[in-house]
Structures are given as structure tokens and as C-alpha cells.
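Residue numbers (our numbering), protein chains in the order written: chain A, 183 to 548; chain B, 1188 to 1328. Positions of the beta carbon are idealized from the N, C-alpha and C atoms, including for glycine. Given the structure is predicted, the values throughout are model-derived calculations rather than measurements.
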Amino acid sequence: MLRTEEMLLNVGPQHPSTHGVFRLILKIDGETIKEAKPVIGYLHRGTEKLAENLQYTQIIPYTDRMDYVSAMTNNYVICHAVETMMGIEVPERAEFLRVMAMELGRVSSHLLWWGTFVLDLGATSPLLYAFREREMILNLLNELSGARLTFNYMRVGGVKWDAPEGWVDKVREFIPHMREQIKGYHDLVTGNEIFLNRVKGIGKYTKEDALNYSLSGPNLRCTGVKWDLRKNEPYSIYDRFNFDVPVREEGDVLSRYHVRFAEIEEALKILEQCVEQFPEEGPILAKVPKIIKAPKGEAFVRIESPRGEIGCYIASDGKKEPYRLKFRRPSFYNLQILPKLLEGESISNLIAILGAVDIILGEVDG
Amino acid sequence: MLGFGLAKGLKYTLKNLTKDKPTYDYPKQPIPLPDRFRGIQKFYPEKCIVCNQCANICPTDCIQLTGKKHPDPTKKGKVIDTYDINFEICILCDLCTEVCPTEAIVMTNNFELAEYSRDDLFKNLEWLDENDENVRKVNKA
């Protein structure tokens, strides 16, 4: 007698394609996924709770460890929130350095995503090419801040270091090199028929779904919603730069791939304008009191990280530590749609769909 | 046309075969690091004024220090007695060197910090004083 039954399959937490410690409990019927249940929290460190006992400057290194692939945006969001509360005006040179650091981080983050995503699909060599260029960016950021990943570069009211001698010229030289390499990446992967067959038309969702699940970043823009906080709610000095918001209509894995690549090119455009307009001299830190005390009240700011909208909410009772700190971590919100996307898909598509969401577990778990 | 994309990718691979190696022969060759790079700290006991700022700013509370009275009774203030950094929890955030008013604690470029025993990660005043290779030249912005 033939008998069929549902089977439970456990993916992760130590699975190479989950990029960290993410666990999925799958109910499968043959090769079709009936139900997917994500289990998160393996990397939970309680950043928000820890922050309640830390001064604002002390929180900055903790934010490095949330989204460790683009730590500069995390540095920025906490500083921006405190500056908003205290009404601090950041010097222009510091703003330029911040924007350059953040955009370099965006390029390196998308490069890492590209390399690992294609690696998950079975192509090993693109990862090595991606890391070659990412290494150049990490070296630039290392020269600027003294660390390769956990930068701890920004401070409330400015930045820690001024650009070292010749650094801006190095960024200027890097931009055309990177543009040249992107062409190579497209030759290598984007036109590859095997790759296209694996990513085209899978993991599809509509504009309504994306909005209802509060997705943001490339995950939202791949469905045709033109929403980028750098354009729609300009913060820092983003209103001075001329750049586009790449949008795709299809809403599948391939469209997210294209949006991210287009974003690298837009980031390079911003970098180019930054290098041109970079002020010759000026202070890099505003006049801030030695012990930073945010005034009583609350504030919420949001900015565009490579993964989406990262927000920071501070409730302060006037002390040097926040009363409550909350981060809106984009990876966590973007991951919500995964069970819906996986339902009815074949297991072999799981990795492509999960990879295209672009999660960083440090950020998901907080 | 099927296979055209594959051929294009192969062309890129072949083109890169003749390029220079981007990697370092690391353990045999030292890695060049910028001056600002943050490795394990160096401590100058004679410069320290026991102001406790480094211990207060440390986000992970890994610095413990005690002071004693100045041995010369004509001089005011304190001198350092013990100074310990617990490297199990130090995150090399550079805040201690940033707040130090006398640059008594500075960063070095030494990043090879693995030890066989957890106890060895506990760095005391003598160890930090003797750690004087690759000391960072510029410590304040």
C-alpha cells in the first residue's frame, strides 16, 4: 500500500545559506513546501535593553554589531536621533564624511549580498570577485575609521576622525574602477542562462503585499513602489545630490537582484558628487557638551540603510542614558514575508528566495 | 541564444586569469595596516593620572584600575597601582583612548590576540606597558 505523509525538515540554524543562525521549520509534501516557520533569536544580544544603562556615546559601538555589513548607517541612525533631540547642527565637512562612509558601506553591503547570493545558488567564483572589490572598500573605511567592520566612526555632532591625507583622492580613483567591475559582474552572472532560470519569476509578491508586510528597501522597490528616504524625506545632505531611485515592476527574485545592482551605481553617483563638493577644510565635530544628555521627550528618526528603512526611537527622561531605545531593524521586518513566499514553492527555490530577501541575522535578532 | 551568457561569463573568467593576485600571503607576509587601525592597547603608567575616565566610558566594563597616593609626599594627586583590561570582553571600540586626557592609554596595530587559555586574555599593567610595538602615532583627531 502506498502511503503519503507530511514530513518535517529542519533548515539551520547552522546552515551555510542562512547567513548566520536562522532556523526554518518546513512542513514538506514531497518537494513542495506546505508551511514554513522561521525561528529567530539565536543571535539576540539585547542591544535595546543594554542601551538603557549606557551613555549615548557608548551605544554607538553596539549599533555596529547589529547590521555588521553596513555598520556606518547604524552609527548614523543613533547619532542622528540624538542630534535631532538635542537640536545639534552638524558641520558640513562631517556630513560629507558621513555620507561618503555610508555610501561606501552601501556598495560593500550590496557586493557582499551579490557574492553570497550567487554562491548559494551554486556559483563559487563570483563571490571571490565581489570580495576583491569589497576589500578595497574595507581598506578605505579602515584607513578612515581604524576598523574594517565595527567602525565606531560617528559621534553625536560629527565624526571621530577627519579624512586622512589622500583619502578623498583614493575614493575618487575607486569610483571608475568599481563602474568597470560592475560591467564584468553583469557579464559573469546576469546574462547566465542557468542563473536566470533559477531566479526568474520565483518568490513573487505584489505591491500590496509588500506594503502590508511593511517591507522596505530593495524588497519594496522591486514591486514598483518608488520609496527611498534619501529622496522622499531627505536627511543629512542628501537633498544636494542628483541621483535616481531604481525601481522594478516584477516583484520577483531577479527584480531584487537588478534593483540592488542599480543601487550600487546610484551610490557611486552620490560618491562622485561628494568627492567633487567635498569642503577643503572645516570642523568635523560640532560643539557638544562633554556628557551628552538628550532633553526630556522622545524622537523617532528613520534613514535608508542598504536593507531598508532603519529607524531609531529614543525616549529620554533627561539623563545621560536613554529611558528606552528602540531600533526599527529592516531585516527583521523584511523577513516577515518569508513564510508567505515559501508556501507552495519547491525546496530548491528556498535558498534563492531567502537569499534575495537579504537578511543580516545580527539585525534580525537585535 | 542558449549558452551565449555562459560564454560571456567564461570570457570574463579567462580575462581575469592574467591579472595580478589580489591576496596576501598572510602568515608569511605581514598585512599592511593603516596607522589608525585599532589593535590591543598600550599603556604608559607614568602618564596616567588615575582619572578613571577610561573605565567609565568603556561600554563593556572591561577596564579595572586602582590608584595609590603619590610616593613623593610633596606632590599632589595619585599614581596608577593596578591596571587590567579583560580582553575576553573588550570590543576594541577605541573610546578609552579617546577620553584619556594624557594619552596614557593608546592603541597599537597588534591584532593577533588569540591565546590558548582564557586566563591569558587578562592583560595587566606589566603586559600593557611592555606592549610597545606598532604603537599608533596619531591618537587624537
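Asked	Found
Helix, strand or coil for Y387 (chain A), going by three-state DSSP, please let me know.	coil
State the beta-bridge partners of Y1270 (chain B) as determined by DSSP.	B:L1252
Between the region 467-479 of chain A and the region 396-403 of chain A, are three or more C-beta pairs nearer than 8 Å?	no
Assuming M284 (chain A) is part of the alpha helix (DSSP H), what are its boundary residues?	E274 to D302
If you reduce the DSSP assignment to three classes, tell me which class P1209 (chain B) lands in.	coil
Put F514 (chain A) into one of helix, strand or coil per three-state DSSP.	helix
In whole angstroms, what is the alpha-carbon distance linking L326 (chain A) and L1300 (chain B)?	23 Å
What did DSSP end up calling C456 (chain A) once you bin it into helix, strand or coil?	helix
Which runs of the beta strand (DSSP E) spanning at least 3 residues fall entirely within the region 386-450 of chain A, listed in chain order?	none
What three-state label does DSSP hand I376 (chain A) in the structure shown?	helix
Using only the alpha-carbon positions, how far apart do P1217 (chain B) and K1229 (chain B) sit?	20 Å
Please state the DSSP three-state secondary structure of K508 (chain A).	strand
Here's a check: name, in chain order, each residue in its chain whose Cβ is nearer than 8 Å to the Cβ of I384 (chain A), leaving out the five neighbours to either side.	D434, V435, E527, N531, A534 and I535
Any idea which residues DSSP pairs Q1228 (chain B) with across the strands?	B:M1294
Using only the alpha-carbon positions, how far apart do V203 (chain A) and C1280 (chain B) sit?	25 Å
Please classify N256 (chain A): does DSSP put it in a helix, a strand, or coil?	helix
What would DSSP say about Y250 (chain A), mapped onto helix, strand or coil?	coil
Can you list, in chain order, the residues of its chain with a C-beta nearer than 6 Å to that of A449 (chain A)? Leave out the 5 residues immediately preceding and following it.	E285, R288 and V289
In the DSSP assignment, the beta strand (DSSP E) including A481 (chain A) goes from what residue to what residue?	G479 to S487
From which residue to which residue does the beta strand (DSSP E) around P1288 (chain B) run?	Here P1288 (chain B) belongs to no beta strand (DSSP E), and DSSP marks it neither H nor E.
From which residue to which residue does the beta strand (DSSP E) around T214 (chain A) run?	T214 to V221
Using a Cβ-Cβ cut-off of 9 Å, state whether I1278 (chain B) counts as contacting chain A.	yes
My understanding is that W1277 (chain B) touches C1241 (chain B), with C-beta atoms under 8 Å, so please give their C-beta distance in whole angstroms.	A quick correction: the sequence has Cys, not Trp, at residue 1277 (chain B). Actually they do not touch by this definition, with Cβ atoms about 11 Å apart.
Roughly how far, in whole angstroms, is the beta-carbon of L323 (chain A) from the beta-carbon of A283 (chain A), given that I think they are within contact range, below 8 Å?	7 Å
Tell me N192 (chain A)'s beta-bridge partners as DSSP assigns them.	A:I207
Step through the CB atoms of chain A and report whether any lies within less than 9 Å of the CB of K1324 (chain B).	no
Would you mind stating whether I210 (chain A) and L190 (chain A) have Cβ atoms separated by less than 9 Å?	yes
Does R1223 (chain B) come out as helix, strand or coil in the three-state DSSP assignment?	coil
Taking the C-alpha atoms as reference points, what is the distance between F311 (chain A) and G366 (chain A)?	Position check: residue 311 (chain A) holds Tyr in this sequence, whereas Phe was assumed. One C-alpha to the other measures close to 9 Å.
Got a sec, what are the start and stop residues for the beta strand (DSSP E) C494 (chain A) sits in?	G490 to S498
So, is the C-beta of T229 (chain A) closer than 9 Å to a C-beta in chain B?	no
How would you call E1285 (chain B), buried or exposed, if buried means at least 16 neighbouring beta carbons within 10 angstroms?	buried
Could you tell me whether the region 369-380 of chain A touches the region 1193-1213 of chain B, where touching means 3 or more Cβ pairs closer than 8 Å?	yes
Flag this pair as touching only if the region 439-454 of chain A and the region 343-350 of chain A have three or more C-beta atom pairs under 8 Å; answer yes or no.	no
Can you confirm whether the region 295-313 of chain A touches the region 221-237 of chain A when touching is taken to mean that 3 or more C-beta pairs between the two stretches lie within less than 8 Å?	no
With a cut-off of 9 Å, does the C-beta of N1203 (chain B) fall near any C-beta of chain A?	yes
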